[in-house]
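S.K.: Counting in the numbering used here, the sequence shown runs from 120 upward without gaps.
Beta carbons are placed, not taken as given, at the ideal position from N, Cα and C, and that holds for glycine.
Predicted model only: the values in this text are computed from it and were never measured.
Sharing a structure with you now.
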Amino acid sequence: MSAVLKSAPVLAPMRDADLAEVMAIEDAIYSHPWTRGNFADSLVAGYECRTWRMDGELLGYFVLMVAAGEAHLLNLSVAPAHQRRGHGATLLREASAIARSRGARGIFLEVRPSNAGAQALYTRFGFRKIAVRRGYYPAHSGREDALVLTLALQ
Ligand SMILES: CC(C)(COP(=O)(O)OP(=O)(O)OC[C@H]1O[C@@H](n2cnc3c(N)ncnc32)[C@H](O)[C@@H]1OP(=O)(O)O)[C@@H](O)C(=O)NCCC(=O)NCCS
């Protein structure tokens with residue numbers, strides 16, 4: 120009997136060369152995805168952009184902005200085939216560690232009220248709702264509010 124050995128996923132800085140694969144996931148999971156330009160701008164701006172790959176396959180990614188003692192999680196995504204296997208929680212831990220190491224006292228993010236899955240992840244991680252941004256997101260008809268969630272980093 121032979122054991123099936125799987126590599127551990129690897130976190131790495133996102134590069135321009137990753138963007139075609141990033142966009143394939145982005146387009147698959149969001150009703151209003153980021154554009155390739157949004158990711159390219161984030162790379163140029165020096166945001167903390169990371170990919171999460173296993174055996175070369177892109178499983179997920181995040182984009183984190185750290186400034187003035189606060190971190191803002193701008194994007195956190197896991198490919199459809201790899202959701203509900205703990206990758207989102209791991210990426211959240213990695214993003215929090217980067218934020219902490221860069222001196223952030225807290226991390227905040229926006230999430231759609233309709234996105235119950237992401238809210239469940241964030242709440243389980245310890246995030247709490249602090250505000251509502253009215254009409255923050257584009258939606259199929261008009262706009263959708265954003266819930267603003269925050270987590271204190273010790
Ligand atoms: C939200 C997202 C990043 C979660 O990633 P994931 O790898 O599937 O999440 P995990 O497997 O780490 O989930 C950890 C816990 O979060 C909660 N959770 C995650 N997704 C959930 C869902 N769809 N429904 C209910 N609870 C969910 C559960 O408590 C889960 O633990 P469990 O699987 O043991 O029940 C992923 O579903 C995704 O990319 N969604 C589309 C993009 C998106 O909405 N991004 C966030 C924008 S703010």
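Please work out which residues of its chain come closer than 8 Å, Cβ to Cβ, to A271, disregarding the five sequence neighbours upstream and downstream, and give them in chain order.
M.R.: R224 and G225
S.K.: Less than 8 Å between the CB atoms is what I'm expecting for A164 and L138, so what's the real figure, rounded?
M.R.: Not quite, the Cβ-Cβ distance comes to about 15 Å (not below 8 Å), so this is no contact.
S.K.: Taking only three categories from DSSP, how would you classify P152?
M.R.: Assigned with DSSP and collapsed to three states, P152 falls in coil, not helix or strand.
S.K.: Are the CB atoms of T269 and R253 nearer to each other than 9 Å?
M.R.: Going by C-beta atoms, T269 is not nearer than 9 Å to R253.
S.K.: Give the DSSP-derived three-state secondary structure of S196 in the structure shown.
M.R.: strand
S.K.: Could you check how far apart the C-beta atoms of Y256 and H151 are, in whole angstroms? I think they sit under 8 Å.
M.R.: 7 Å
S.K.: Does any heavy atom of ligand 1 sit closer than 8 Å to the C-beta of S161?
M.R.: No, the Cβ of S161 stays beyond 8 Å of every heavy atom of ligand 1.
S.K.: Would you mind working out which of S260, E140 and L210 sits nearest I194, comparing C-alpha positions?
M.R.: Here residue 194 turns out to be Asn, not Ile, going by the sequence shown. If we check each option's Cα against that of N194, L210 comes out closest.
S.K.: For S196, verify whether its CB is less than 8 Å away from any heavy atom of ligand 1.
M.R.: yes
S.K.: Three-state secondary structure (DSSP) at Y256?
M.R.: In this structure, Y256 counts as strand in the three-state DSSP scheme.
S.K.: Give me, in chain order, the residues of the same chain whose beta-carbon lies closer than 7 Å to that of A208; leave out the 5 immediate sequence neighbours on both sides.
M.R.: L240 and F244
S.K.: How far does the beta strand (DSSP E) with G179 in it extend, from its first residue to its last?
M.R.: E176 to A186
S.K.: From I249, A250, A237 and S233, pick the residue whose C-alpha is nearest to that of H259; which is it?
M.R.: S233
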